[in-house]
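Numbering (this note's numbering), first residue to last: 29 to 370. Reviewing the structure listed below.
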Amino acid sequence: MTTFFSFLAILSSSHADIGVKKIAEGFQRPVWVGAPKVSTKQLWVMEQHGAVTAIKLDSGDKKLMLDIHDRVSREGNEEGMLGLAFAPDFQRSGRFYINYTDKEHFTCISRFVLKNGKVDAAQEEVILRYKQDFQNHNGGWLDFGPDGMLYIGNGDGGAANDPKQRAQDMESLLGKILRLDVSPAKGYAIPQDNPFAKSKKAKPEIWSCGLRNPWRCSFDRATGDFWIADVGQNHWEEINVIPFRDAAGANFGWRLREGEVATPAGGVGGEKPSPCVDPIYVYRHGSGPTEGFSVTGGFVYRGPIKSLQGRYIFADYQNPRIWSFVAKKGKATDFQDHTDAL
Numbered sequence: 029m030t031t032f033f034s035f036l037a038i039l040s041s042s043h044a045d046i047g048v049k050k051i052a053e054g055f056q057r058p059v060w061v062g063a064p065k066v067s068t069k070q071l072w073v074m075e076q077h078g079a080v081t082a083i084k085l086d087s088g089d090k091k092l093m094l095d096i097h098d099r100v101s102r103e104g105n106e107e108g109m110l111g112l113a114f115a116p117d118f119q120r121s122g123r124f125y126i127n128y129t130d131k132e133h134f135t136c137i138s139r140f141v142l143k144n145g146k147v148d149a150a151q152e153e154v155i156l157r158y159k160q161d162f163q164n165h166n167g168g169w170l171d172f173g174p175d176g177m178l179y180i181g182n183g184d185g186g187a188a189n190d191p192k193q194r195a196q197d198m199e200s201l202l203g204k205i206l207r208l209d210v211s212p213a214k215g216y217a218i219p220q221d222n223p224f225a226k227s228k229k230a231k232p233e234i235w236s237c238g239l240r241n242p243w244r245c246s247f248d249r250a251t252g253d254f255w256i257a258d259v260g261q262n263h264w265e266e267i268n269v270i271p272f273r274d275a276a277g278a279n280f281g282w283r284l285r286e287g288e289v290a291t292p293a294g295g296v297g298g299e300k301p302s303p304c305v306d307p308i309y310v311y312r313h314g315s316g317p318t319e320g321f322s323v324t325g326g327f328v329y330r331g332p333i334k335s336l337q338g339r340y341i342f343a344d345y346q347n348p349r350i351w352s353f354v355a356k357k358g359k360a361t362d363f364q365d366h367t368d369a370l
């Protein structure tokens, strides 16, 4: 499947409005696009099979930055190279991090370095590696938070209905958000303020739990609020938001809950864990204009378009629409469908 990239806004315009501009084309299964915070002249594009390409915005010229397809598994539809994060000091260190599944179906969180405009794939440092139960629900998101720590979104390990109960198992990294200090020259350290840093009954990397497949998450760059788009099972897609200061140790409910309701399969569903973060927004599975089957989050917009300012923008993998809403006092308000404006 060949795909081209579009932007909701032409950021260089002083009178920016919602619209579409083709930036590049010819990619196979692009799953992530972004840029270092210091750069406004290029984008990096990740393809699921294991390649990262830089695009010059003024000319559309491409430069292959990294190709590790020889070590990336694509046996499962949800496996592959899945996420990328630039270190906060990327301009100085050249460090960036990749989340991918390897040939043995382990998730790898790896460090690479851009030096003199090039990335030496042979210098990969795998800083964290852990087994996935199945070839789906591998998560994939990672990014640096307002505190400079690296956050990783991890699915429950796959199949359906979390058969190994990973999401609520605090001795498993699956179904969790992880938090690492990657400032050491090699490897990583456990942040001492991680909620389970000193626990003997939980993995110290865990920051929060109770997630099915947090494919894409984000931090609001104005407030620091943490947003999670968690892909649902049979009935509901959900979006969660929590103030950054409250997110440590949070439980988002899966697999006791799917969206706002108990999960009936296997006798696991029931009373939600206490405390539990309820979603700010849910939508049903279906083909209607406000329905879908796989939520794709999502950012709070902080760009030049006044009509989008402060709105959480998201979509769905199987329903080709773009929506947004405003979070107000813990509720999703002013829901809008922007598809027809594109």
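C-beta: ideal position from N, C-alpha, C; glycine also. Since we're looking at a predicted model, the values are computed, not measured.
Classification of residue i by the beta-carbon crowding that lies within 10 angstroms, buried from 16 upward
i    : result
N144 : exposed
S335 : exposed
G108 : buried
Y345 : exposed
L71  : buried
E299 : exposed
P303 : exposed
G325 : buried
L370 : exposed
R285 : buried
G88  : exposed
S315 : exposed
P317 : exposed
K204 : buried
Q337 : exposed
P58  : buried
T367 : exposed
Close Cβ partners of residue i (< 6 Å) along its chain, the five nearest in sequence each way excluded
i    : result
K356 : none
D248 : V328
R102 : H77, G108
I126 : L112, S138
P116 : F172, G176
F32  : At F32 the pLDDT is 48, less than 50, meaning the model places this residue with poor confidence; the figure from the coordinates comes in the next sentence. Counting only Cβ-Cβ distances below 6 Å, and skipping sequence neighbours, we find K50, E53.
A230 : M198, F224
L156 : I137
K343 : Just to set this straight, residue 343 is Ala in the shown sequence, not Lys. Cβ neighbours of A343 beyond the five flanking positions: T324, I350.
Simplified DSSP state of residue i, which is helix, strand or coil
i    : result
F134 : strand
T291 : coil
Q70  : strand
S121 : helix
Y228 : It should be noted that the sequence gives Lys, not Tyr, for residue 228. DSSP places K228 in coil when its eight states are reduced to three.
M29  : With a pLDDT of 40 at M29, under the threshold of 50, the predicted position of this residue should be treated as unreliable, and no value is reported.
V305 : coil
S315 : coil
I38  : Summary for I38: the model assigns pLDDT 40, below 50, so the residue's position carries little reliability, and this model does not support an answer.
P116 : coil
K334 : helix
Close beta carbons around residue i, own chain, < 7 Å, minus the five adjacent residues each side
i    : result
K91  : T81, A82
V259 : R240, N241, W243, E265, S322, V323
Q160 : T129, H133, F134, T135, N166, G185, G186
V310 : W264, E265, E266, G287, E288
Bridge partners - residue i, DSSP secondary structure assignment
i    : result
R157 : C136
A360 : A355
G326 : BP columns for G326 are empty, so no partner.
A402 : The requested residue 402 does not occur in the structure, where the chain is confined to residues 29 to 370.
D209 : A217
Beta-carbon proximity list for residue i, same chain, < 8 Å, skipping 5 on both sides
i    : result
A149 : L94, D95, I96, F140
I308 : I267, N268, V269, A355, G358, K359, A360
S227 : M198
Q119 : P64, V66
I46  : L36, A37, I333, S335, L336, H366, A369, L370
Quiz prompt | Entirely enclosed beta strand (DSSP E) segments - the stretch 139–202, minimum 3 residues | solution = 153–159, 170–172, 178–181
If we require 3 or more residues per run, which beta strand (DSSP E) segments fall completely within the stretch 40–113? Listed in chain order, the beta strand (DSSP E) elements of length 3 or more contained wholly in the stretch 40–113 are 58–62, 70–75, 79–84, 90–95.
task = Identify every run of the beta strand (DSSP E) within the stretch 214–292, keeping only runs that are complete inside it and at least 3 residues long; order them along the chain.
result = Inside the stretch 214–292, DSSP marks whole beta strand (DSSP E) runs of 3 or more residues at positions 234–237, 244–247, 254–258, 264–270, from first to last along the chain.
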